[in-house]
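One structure is given below, encoded as structure tokens.
Residue numbers (the numbering used here): 42 to 567.
Printed below as a string of structure tokens:
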């Protein structure tokens, strides 16, 4: 009998009694106990289901996505416990695990929300509170929508007018290099387009199975997608001692090793980096393009943080711009897909799921297959497409919303830059933590020293050491970070990823708590 719920286990004798005893021995509240008990009984009762762990797609079981993994699930449980009045050493859970800008307090850009409001409820076009430039954008977008409504499907590739606007934006960004709207594919965030391109690339069996090169540390979308598709992950390590730079010799070594067991076909680059925050130099990008050309690799450039560059001397260079400036030897040869999104930069509009992909030098017959593939999911969210259109077509100097727009964009990016610098500075004051400069993006990925006793205890509990560290941090401080093992790291090193998105004053509290926790952790296990 559970001491708090009063539920007896005698009726469970026909099931696995040892499991029932183990379940009952775990201290828990009545609701939690009841839920676990029912879950256990259901698992025993329905062993003849068609879809089971034994019959399901084995690739899905190999998928892991640390950004929303076990530690985040525990954070959600703790939030519920706090609401139930269960006492903790803290009053709130601070989720610094994910780059969800608005959830962390970043304010939306006024002009973007005005246009979206007008598109969603066109009667507001008669309201004098909305500026004329917002109204003109909204009318133009609605005219391009079926039936003049955001609620209508669009073409599978995305609304043609919006693809034309994106093409103009890319041309302006890249100094006039031509962009064909027909090479633009709108998507449900950048992630959707990345997975779509990987689907096209993966084929073969055994030695001919597609291998895809991804950086370590990496954004777990890539490893998860490759596991789901049954592709071979080819890991290449970024150089932590040189601010997470990319070394071409490391690419060559990884490629040669991979050729022994698969067929390498693609190279993925994240610039600016996630989770590592580095910004690649132009020289590095040129070296990568030469390497891809020499090894006949399809290039995938994840550039969703292209406006998030903070460090002096750093500048974003698009892969497409560099590719075309290297001359016809490369611009007519190297196959490239580049990705952008409304979720990051100064916009932070994660929930609208707006994004796009531009393909360069794609085989025309493959392009037909790509268009067919995206048609299966009908179309990307039309509100996200509308948002993307105002991102690439913002207020101009002669329009009424321009000054407010520029101020909001500048303030948002300046605040992020300030928090990036502050995060690096404070973490580097903590003995046992080493943090590289946050040159760009929205995260820091510091290395943490863990004493042997802590590593041993983690292994005894069946946990990876940095998961053990992050879980203790969550339970004792309410701060939710992601262990570095979820992104990949060199053996024997430990890290965590933390976003720099919390408001400045709250970020100071987070950093102070991490500092205090780490010092106590080191004393406890020294």
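We put the beta carbon where it would ideally sit given N, CA and C, even for glycine. Quantities reported herein were computed from a predicted structural model and do not represent experimental measurements.
1. For residue 239, tell me which candidate among 452, 132, 190 and 262 has the shortest Cα-Cα distance.
2. To the nearest whole angstrom, what separates the beta carbons of residue 218 and residue 397, a pair I think is in contact under 8 Å?
3. Going by the CB atoms, is the gap between residue 269 and residue 280 shorter than 8 Å?
4. Go through its chain and collect everything with a Cβ distance to residue 415's Cβ below 7 Å, but skip five positions before and after it.
5. Kindly give me the distance between the Cβ atoms of residue 241 and residue 407, rounded to whole angstroms, as I take these residues to be in contact under 8 Å.
6. Return the Cβ separation of residue 182 and residue 482 in integer angstroms, given the expectation that the two are a contact with Cβ distance under 8 Å.
7. Can you list, in chain order, the residues of its chain whose CB lies under 6 Å from that of residue 328, leaving out five sequence neighbours each side?
8. Helix, strand or coil for residue 95? Go by DSSP, reduced to three states.
9. Give every residue of the same chain whose Cβ lies closer than 7 Å to the Cβ of residue 436, excluding the five residues on either side of it in the sequence, and list them in chain order.
10. If you draw a straight line from the C-alpha of residue 333 to the C-alpha of residue 296, how long is it?
11. Let me know the beta strand (DSSP E) ranges lying completely inside the segment 389-447, each 3 residues or longer, listed in chain order.
12. What's the C-alpha gap between residue 17 and residue 294?
13. Look at residue 341 and residue 307 and say whether their C-beta atoms are less than 8 Å apart.
14. For the segment 245-261 and the segment 383-390, state whether three or more C-beta atom pairs, one from each stretch, are separated by less than 8 Å.
15. If I measure Cβ to Cβ from residue 402 and keep anything under 6 Å in the same chain, skipping five residues before and after, which residues do I get?
16. By the three-class DSSP mapping on this structure, what secondary structure does residue 274 have?
17. Under 8 Å between the Cβ atoms of residue 524 and residue 119?
18. Since residue 366 and residue 220 are thought to touch, with beta carbons under 8 Å apart, how far apart are those beta carbons, to the nearest angstrom?
19. Grab the span of the alpha helix (DSSP H) containing residue 369 for me, first residue to last.
20. Rounded to the nearest angstrom, what separates residue 464 and residue 544 at their Cα positions?
21. With H, G and I counted as helix, E and B as strand and the rest as coil, what does DSSP make of residue 503?
22. Got a sec, what are the start and stop residues for the beta strand (DSSP E) residue 306 sits in?
23. Does DSSP put residue 241 in a helix, in a strand, or in coil?
24. With DSSP run on the structure shown, which of helix, strand or coil describes residue 360?
25. Let me confirm a value: residue 259 is counted as buried when at least 16 other C-beta atoms fall within 10 Å, else exposed. Which label applies?
26. Taking all protein chains shown into account, do 16 or more other C-beta atoms lie within 10 angstroms of the C-beta of residue 137, making it buried, or fewer, making it exposed?
27. Let's see if you can read the secondary structure: which residues bound the beta strand (DSSP E) around residue 116?
28. Which of helix, strand or coil does DSSP assign to residue 210?
29. Quick one: Cα of residue 188 to Cα of residue 411, how far?
30. What's the gap between the Cα of residue 116 and the Cα of residue 559?
31. If residue 272 and residue 320 are in contact, beta carbons under 8 Å, what's the gap, nearest whole angstrom?
32. Quick one: what's got a C-beta closer than 6 Å to residue 467's C-beta in the same chain, skipping five residues either side?
33. With a CB to CB cut of under 6 Å and the five nearest residues on each side skipped, what residues in its chain are close to residue 440?
34. Keeping to the same chain, check which residues put their C-beta closer than 7 Å to that of residue 131; ignore five residues upstream and five downstream.
35. Quick one: measure Cβ to Cβ for residue 572 and residue 537, integer angstroms, because I've assumed they're closer than 8 Å.
36. In this structure, does DSSP put residue 534 in helix, strand or coil?
The structure says:
1. Translated into positions along the chain shown, residue 239 becomes position 198. Ranking the options by Cα distance to residue 239, first place goes to 262.
2. The count along the chain shown starts at 1 and reaches residue 218 at position 177. The count along the chain shown starts at 1 and reaches residue 397 at position 356. With 8 Å as the limit, residue 218 and residue 397 do not qualify as a contact, their Cβ atoms being about 17 Å apart.
3. If you number the chain shown from 1, residue 280 lands on position 239. If you number the chain shown from 1, residue 269 lands on position 228. No. Outside cutoff.
4. Here residue 415 is taken as the residue at index 374 of the chain shown, counted from 1. Within the same chain, residue 415 has close Cβ partners 197, 198, 226 and 237.
5. Taking the chain shown and counting its residues from 1, one reaches residue 241 at position 200. Taking the chain shown and counting its residues from 1, one reaches residue 407 at position 366. Their Cβ separation, rounded to whole angstroms, is 7 Å, which keeps residue 241 and residue 407 in contact under 8 Å.
6. Reading the chain shown from its first residue, position 141 is the one you call residue 182. Reading the chain shown from its first residue, position 441 is the one you call residue 482. That belief does not hold up - the Cβ atoms of residue 182 and residue 482 are roughly 29 Å apart, past 8 Å.
7. Position 287 of the chain shown, counted from the first residue, corresponds to residue 328. The residues are 289.
8. Residue numbering aside, residue 95 sits at position 54 when the chain shown is read from its first letter. Of the three classes helix, strand and coil, the one that applies to residue 95 here is coil, per DSSP.
9. Working through the chain shown from its first residue, we reach residue 436 at position 395. So the list reads 152, 174, 442, 443 and 446, once near-sequence residues are dropped.
10. Counting from one through the chain shown, the residue named residue 333 turns up at place 292. Counting from one through the chain shown, the residue named residue 296 turns up at place 255. Their Cα atoms are separated by approximately 11 Å.
11. 395-401
12. The question about residue 17 has no answer here: the residues shown for the chain are numbered 42 through 567.
13. Along the chain shown, read from residue 1 onward, the residue named residue 341 stands at position 300. Along the chain shown, read from residue 1 onward, the residue named residue 307 stands at position 266. In this structure, residue 307 lies closer than 8 Å to residue 341 by Cβ.
14. no
15. Taking the first residue of the chain shown as position 1, residue 402 is located at position 361. The answer, listed in chain order, is 376.
16. Reading the chain shown from its first residue, position 233 is the one you call residue 274. Looking at residue 274 - three-state DSSP - the assignment turns out to be strand.
17. Within the chain shown, residue 524 is the residue found at index 483, counting from 1. Within the chain shown, residue 119 is the residue found at index 78, counting from 1. Contact: no.
18. Here residue 366 refers to the residue found at position 325 of the chain shown. Here residue 220 refers to the residue found at position 179 of the chain shown. So it is not a contact: roughly 15 Å between Cβ atoms.
19. Numbered from 1 along the chain shown, position 328 holds the residue referred to as residue 369. Counting along the chain, the alpha helix (DSSP H) containing residue 369 begins and ends at 369-372.
20. By one-based count along the chain shown, residue 464 stands at place 423. By one-based count along the chain shown, residue 544 stands at place 503. Going from the Cα of residue 464 to the Cα of residue 544 covers about 12 Å.
21. Translated into positions along the chain shown, residue 503 becomes position 462. Residue state, collapsed to three classes: coil.
22. For the purposes of this step, residue 306 is taken as the residue at position 265 of the chain shown. Unbroken beta strand (DSSP E) run through residue 306: 304-311.
23. As a working note, residue 241 is residue 200 in the chain shown. In this structure, residue 241 counts as helix in the three-state DSSP scheme.
24. On the chain shown, position 319 is the one that residue 360 refers to. Correct three-state label for residue 360: helix.
25. As a working mapping, residue 259 is identified with position 218 in the chain shown. Buried is the call here.
26. Working through the chain shown from its first residue, we reach residue 137 at position 96. Residue 137 should be labelled buried.
27. On the chain shown, residue 116 is found 75 positions in, with the first residue counted as 1. From DSSP, residue 116 is part of no beta strand (DSSP E) but of the alpha helix (DSSP H) over 111-124.
28. Position 169 of the chain shown holds residue 210. It is helical.
29. By one-based count along the chain shown, residue 188 stands at place 147. By one-based count along the chain shown, residue 411 stands at place 370. Their backbone Cα atoms lie some 27 Å apart in a straight line.
30. As a first step, residue 116 must be located in the chain shown, where it is residue number 75. As a first step, residue 559 must be located in the chain shown, where it is residue number 518. The straight-line gap from Cα to Cα measures roughly 19 Å.
31. As a first step, residue 272 is located in the chain shown; it is residue number 231 there, counting from the start. As a first step, residue 320 is located in the chain shown; it is residue number 279 there, counting from the start. Contact flag wrong, Cβ pair sits at about 28 Å.
32. Translated into positions along the chain shown, residue 467 becomes position 426. Closer than 6 Å at Cβ, skipping near neighbours: 552.
33. For this step, residue 440 is matched to residue 399 along the chain shown. Correct list, in chain order: 174.
34. Within the chain shown, the letter at position 90 stands for residue 131. So the qualifying residues of the chain are 518 and 519.
35. Beyond the ends of the chain as shown, which are 42 and 567, falls residue 572; an answer cannot be given.
36. For the purposes of this step, residue 534 is taken as the residue at position 493 of the chain shown. Note: residue 534 maps to coil in three-state DSSP.
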